[in-house]
Structures are given as structure tokens and as C-alpha cells.
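Start counting the sequence shown at 6; every next residue gets the next number (the working numbering).
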Amino acid sequence: MAFDYLFQPGKIGNMEVKNRLVMPPMSSRLSTVNGEVTKELIAYYAERAKGGVGTIIVEYSYIDEFESRAAICQLGVQSDHHIKGLNELAEAIQSYGAKAILQIAHGGRQTDPSKMGMDPVAPSAIPDPMTSAALGRPNWVRELDQEKIQEIIDSFAKAARRTKMAGFDGVELHGAHGYLLCQFLSPFSNRRNDMYGGDLEGRARMPLETVDRVRSTVGKNFPLLYRLSADEFVKGGLTLEETVRFAQMLEEAGVDCIHVSCGNFASIHRFVPPIYFKHGYFTYLAEEIKKAVNIPVIAVGAISEPEHANWLIEQGKADFVAMGRALIADPHLPNKAKAGKLDEIRPCIRCNEGCINRFFKGWTIRCATNPQCGREVDYAEIPPVQKPSKVLVVGGGPCGMEAAIISAKRGHSVILCEKEGELGGLLKDVVVPDYKYDIKRLLNYLKYMVYHTDNIEIRLHTEVTPELVQEISPDIVFVATGSRDFIPDFPGSDRPNVVSGIEVYAGRQEVGQKIVVAGGGLLGCETALMLAKQGKEVTVVEKLDTIAYDVEPLTQMTLKEMMAEQNVKILTGTALDSVTDEGAVIIDREFNKTILPMDNLVVALGRKPNKEAVEKLMGTAPQVIPIGDCLEAGDLADCIQQAFVYAVR
């Protein structure tokens, strides 16, 4: 595929860019606690610029000392002290031919008071629901008076001035995702009755005054972008009808480009959509904004493949396409696409574990599929070995494949043994639902790289025994035999209508109409959802107080919504007791027992590490290193990260 549209030059204001691909702003927490640029931050962005993206919009940068910070270790542009580091960052990006834009922002009510030492500020004294839920109490906010509003507008202008002084090619105002500028625009958060509230013109006044002050500060030739949420997807929030009118106001005010996103913290799973959402599901918002304005429009939102990005440009739905998590997963996606190496693009699986979930936890950025992310200072390139060794990898699942790929890239001679006739391990079983398309892409990527990386010999239908290890005589053995499905022993567990969750999920086990699922983790929830979509009557029994407890919050939010839509009944604080002729017997915390009539009990109560394989192979080579689920059952991100870390060491 030629990607004729994606790689044609574009223009934002008077700024010419080499292609239509944009890296959108995503917080990395690679700055210091004082918001200073670090070598890790520079290396992270430089690697993506090196990978061929045309424009990089550097992450949320706060504009004053305290109130504008949304979290710790965010980038700062609130004082001249930051200019030198920001200049080094801009120059690192520009050295590879990419344009560097800095996003400046104020968190408003979507900030954590424990990180600021004071209550947040907002257009109206209405606590943010998501932030309040995270704190476990209302996140009390202070309503801004008009004098303070002018101070904040002035802080935006000063931050824009520093952005220009630091050598950036442009500046973006963050007016999306429920942050302060969005809070003023949205009736969801703005209940003022003065000149900064009321109808759209009143609610738009503060954002437009900010645009005007920034424009007068940086001059008419410095590119000014504005990111907005075209639909907040909450009751009483912004809708597309209003934001189309606001986009026209932005154009009239002198904005050079509109970056169209969606949502706020109350609908955060909408603008960082997990795997269950279709690719590019809200790009229609950018298309509608583009119809109403004559300045460039950037589309964003789960656009993971260059073919899709090219199509959006070709169809005139947007002028530029932002690929966020896709560039976290593979910084070199643009160059690989341009060279026709599509099979070598490491996919984002939209698990949100390494990016947004680590942000929630206050940790630096990582990526489930790209272990080099956030480690670019040390591992932008795979370090070669001084003395190659013979490496045996036992198990052809994702952990084993990653260990084999990295070991071979380092220069080792690798033999990868898999007892089945196909590589993939557990990944093969979890790609059945159509929403698991990204997992299938990861499986295909790992298999492609294993088969096309030099120094890897693949042996299928090969179970590794101590005798085989002795015959191969490796220097290093990576044991990646994974975990195994199990059904715990309980009264009635041996009945024929008691079946394995993974067997049902993979399509190898048929079930009846009335189903009880024991276990409300990810496997139990997804299996219940799949069966409910088939028209079955499904009840999930979970002993904890919530379901989907083993995934990050946005995936959990989405799963709960989808299960509710499919009328899946959920019983929390309830455990499976036994199975009888009458059905599944469950017991609550008051020791009350209830019988649930059912055709099948689907058991999804976790997996057991395959420790027997580890014990069997210990001591058979100079180094025997267990990795992944064979030690402790974990998630996909843990397995790939662990394989990488041991292989590079």
C-alpha cells in the first residue's frame, strides 16, 4: 500500500509539516516532580520523532505553580526556569524533521488536592464526579471570580510566550477532556450566571479570551492549535451541535488548527477507549467539525493502523490523523508503513495497562507490548552481546516468543520449542470475539517476528525434557511454559455440566441456555458477555464487591456498561458453594444459601502456574530462568515485560 495521502506534506498556519501523522499529547510522568524536562523524557520523544511522525504535540504542561497541575511529575511551563529544558526537548524532536508543539493546560476541578495542597478551582463549585470517586469523597472546588479568571488567562499567555522562547514550532491549548477550558465551555461543569456562564456565547467567553490573549502574545505567525471535546458523552454535557458552533468561533478568533477529541473524566473511557470500542469510533466528530470550518482538523481516537489513517485523509474526514497509543507501542510505525513493512509494526492492544493505568497510579509510562517504552535512554536499541550464547526457549506463547526475539536480536543463537503444532499459547484462545482484533494483531506480529528474525530455530510438536536439554546443551534456558486452566475441587465439580471458562471462551465447549459463571474477573466477565450476546441467560457470581477487578479502570467501566446492556445479572459478595441436581448453590456473606437453576456452570476462577515444568528443568543448564505465568499467573503486559528484562540482561 502506497499511503499516498498519509505521507503527503501538510500545513498548519504557516507551518509546513512532512506528513499528516500526529503524535497527540499523552502524559508520560517522565518529568521531575517540579515539572522539569529529563533525559528520559527527551529520549522518549526523540525516539518517536526518529520513527517518522510529522508532528509531535508534547504532553500536558501546567501553566502556574500549583492550581493548574492535574498530577505529579507532569511537565511544567510555568516559569522561565523551564525554558532551557524545553528547548532541549524541542530541538531533539526537530532534529529528526518532526515539528514540535507544546500543549499548555490547566486542570481546573480535575486535579487531586493532595498533590496541590489546596482545593481545586473551577467555573462553578461543583465537584468532578470521577475525581471525587477516586478520592472516596467529594472533591470540593472553589468557584473562580472574574479577577482570578483574568489571572489564569494571563498565565496561559505567559506559558505560550515561554513555549515560543523555548523554540517550539507551535502551541496547543488543552480545551478538551474536562480540563479548565472545557469546564468553562460545558454546561456539565459551568453553572455560572455572570458573563462567563449561561448560553454558549457566555460559556465560550473564557476560552475565547484565552485564545485572544495567547494570539496577541505569540503573534499571528506562530501556529496556535486548540484541542476540544466535540461530545462529552455525559448527560448535560457538550454535544456536537454546540461544539460545531464553538469551532467556528475558534476559527474566527485566530486558531490555526482544531484537534477533535471527546469526553471528560466522567466519560474517560470514551477518549482513551479500551479494546471493546471499534477503531476510530469517534472520528465522525472530526468529520463534522471539518465540514464547518476552513482550518485544518486533526482526528484522533483508537486509530491504530496506518491503512485506517490513510483512509481518513483520503476520504476528506480530517486533514491530519493523531495516533497516540499506537506510537507508544511502536515509535517507528510511520517509517515502517512508508517502507511497506506493515507486518513489523508492533500493535497497540488498547489494554491501557502501561499508559493510562500507570498514570493513574503515579508511575512512569510503559507499554504492554513495547517493553522499551519509557526505557529509551538504555534500550532505544537492543544491546548486542559481547559473547553469543546458545539459548533454549521452552514455550511458544507471547512470553517465550518475546524472549526468543530479543535474545536473537542481541546475537544469541536461539532454539524455540513449542509442544503444540502452532505458536501462540494462551493468546490463541482469547482472540475469538471480534473485539479481540488487536490481540490477534499482536499474535500475528509476534509470530511474524519469530519466523523472520535471524538466529531463531523453531521446533513445533516438541516437549522439552531434561534429556532434550542435555542433547541441545544450551547455555541459557528460558522456561516460559505458562499457566494452566483449572477447576477447583468443590461438591459437584466433577459433574458434566461444570465446564471450563477458557474452553467456552475459545469456542471448544458448547453450553446450554441458562448459565452461571463462577468468577467475575476478566475471563468470567468476557465469557458472560459473549454468551449473553448469543441470547443466553447469564448470571455472574463473584465473592468480591466488584467485577473486572483484575483490569484497569477504563476497561472495567466499559465491561460493566456492556454487561448491563446485555442484561447480565451480577451477584457480588457471593461465592460458589456446590453444584447439585437443582443447580448452582451460592452462599453470601451472611451464610445464606441460594440455588440458581442452570444448564451449565462456567468456571472462571483463575489459572495455576505450570510450576511442574519449571521444577523438571531446573539445574539442566548453567542458567535456567523461569519467566511469565509459569511462576505466577499474571497478565499479558507482565509476561512481555518480564521476558524483555531477562533477555536484555
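All C-beta atoms in this analysis are idealised placements derived from N, C-alpha and C, irrespective of residue type, glycine included.
Residue i versus the options, residue with shortest Cα-Cα distance
| i | options | result |
| --- | --- | --- |
| I61 | Y442, A327, Q83 | A327 |
| F227 | T43, M254, L243, A165 | A165 |
| V82 | L11, R142, G172, A138 | G172 |
| Q669 | T168, S191, L213 | Residue 669 is absent from the structure shown; the chain starts at 6 and stops at 654. |
| A694 | K445, A652, K565 | Since the first residue shown for the chain is 6 and the last is 654, residue 694 is missing from the structure and cannot be characterised. |
| T248 | I507, C78, K296 | K296 |
| I632 | A626, G624, D643 | D643 |
| M254 | L233, E472, N597, A103 | L233 |
| K616 | Q628, N597, Q539, G487 | G487 |
| N572 | D634, L606, M535 | M535 |
| I106 | R114, L94, D634, E237 | L94 |
| G259 | K240, D217, H284, I630 | D217 |
| S583 | A485, E508, P602 | P602 |
| C530 | G588, P336, L576, S66 | L576 |
| K541 | G285, D335, Q518 | Q518 |
| S129 | Q115, N449, R147, P143 | R147 |
| V382 | L26, K44, M20, P14 | K44 |
| A553 | I591, G611, S309 | G611 |
| D634 | I308, G405, H179 | G405 |
| P496 | V590, A511, V469 | V590 |
| T369 | L606, A569, A76, I68 | A76 |
| A385 | I47, Y201, V619 | I47 |
| L26 | V42, R53, T579 | R53 |
Identified DSSP bridge partners for residue i
| i | result |
| --- | --- |
| M20 | I17 |
| C679 | The requested residue 679 does not occur in the structure, where the chain is confined to residues 6 to 654. |
| M327 | In the sequence as displayed, the identity of residue 327 is Ala instead of Met. According to DSSP, A327 bridges with V27. |
| F173 | In the DSSP output, where bridge partners are listed per residue, F173 has none listed. |
| N605 | I520 |
| E148 | A127 |
| G180 | L233 |
| E462 | I420 |
| D434 | The partner list for D434 (beta bridge, DSSP) is empty, contrary to what the question assumes. |
| L576 | V546 |
| R142 | In DSSP, R142 forms no bridge with anything. |
| T599 | I591 |
| I303 | H264, F325 |
| V503 | L606 |
Limits of the alpha helix (DSSP H) - the one that residue i falls within
| i | result |
| --- | --- |
| E570 | 558-570 |
| K55 | 44-55 |
| S221 | 210-223 |
| I444 | 442-457 |
| D660 | Limits of the chain in this structure are 6 at one end and 654 at the other, which puts residue 660 out of reach. |
| Q475 | 471-477 |
| F483 | Run containing F483: none in the alpha helix (DSSP H); it sits in the beta strand (DSSP E), 481-484. |
| A297 | 288-297 |
| V657 | Because residue 657 is not part of the residues shown, which for the chain are 6 to 654, the question remains open. |
| I350 | Counting along the chain, I350 falls outside any alpha helix (DSSP H), and DSSP gives it neither H nor E. |
| P403 | 403-415 |
Residue i burial status per 10 Å Cβ neighbour count (16 or more: buried)
| i | result |
| --- | --- |
| L465 | exposed |
| M28 | buried |
| G224 | exposed |
| V38 | exposed |
| F491 | exposed |
| Y50 | buried |
| A7 | exposed |
| N299 | exposed |
| P614 | buried |
| V305 | buried |
| T551 | exposed |
| E423 | buried |
| Q151 | exposed |
| M454 | buried |
| L236 | Contrary to the premise, residue 236 reads as Asp rather than Leu in this sequence. Its Cβ being crowded by 16 or more others within 10 Å, D236 is buried. |
| V503 | buried |
Limits of the unbroken beta strand (DSSP E) element including residue i
| i | result |
| --- | --- |
| Y67 | 60-67 |
| T544 | 542-547 |
| T37 | Segment: none, T37 is in no beta strand (DSSP E) and carries neither H nor E. |
| R612 | 612-614 |
| V584 | 579-585 |
| S488 | 488-490 |
| Q188 | It is not in any beta strand (DSSP E) - Q188 instead sits in the alpha helix (DSSP H) that spans 185-190. |
| I630 | 628-631 |
Distance cut-off 7 angstroms: residue i Cβ against heavy atoms of the ligand COA
| i | result |
| --- | --- |
| M535 | The ligand COA is absent from the structure shown, which contains no ligand whatsoever. |
Proximity test, Cβ basis, 8 angstroms: residue i and chain D
| i | result |
| --- | --- |
| G59 | The displayed structure is made up of one protein chain only, and chain D is not part of it. |
(request) Output the residue ranges of the alpha helix (DSSP H) runs that lie fully inside the region 360-401 and measure 4 residues or longer, sorted by chain position. (result) Taking only runs of at least 4 residues, the alpha helix (DSSP H) segments lying wholly in the region 360-401 are 361-366, 381-384.
(request) Just list the beta strand (DSSP E) runs in the region 62-118, keeping only unbroken ones of 3 residues or longer that don't cross its boundaries, in chain order. (result) Counting only runs that start and end inside the region 62-118, the beta strand (DSSP E) elements of at least 3 residues fall at 104-110.
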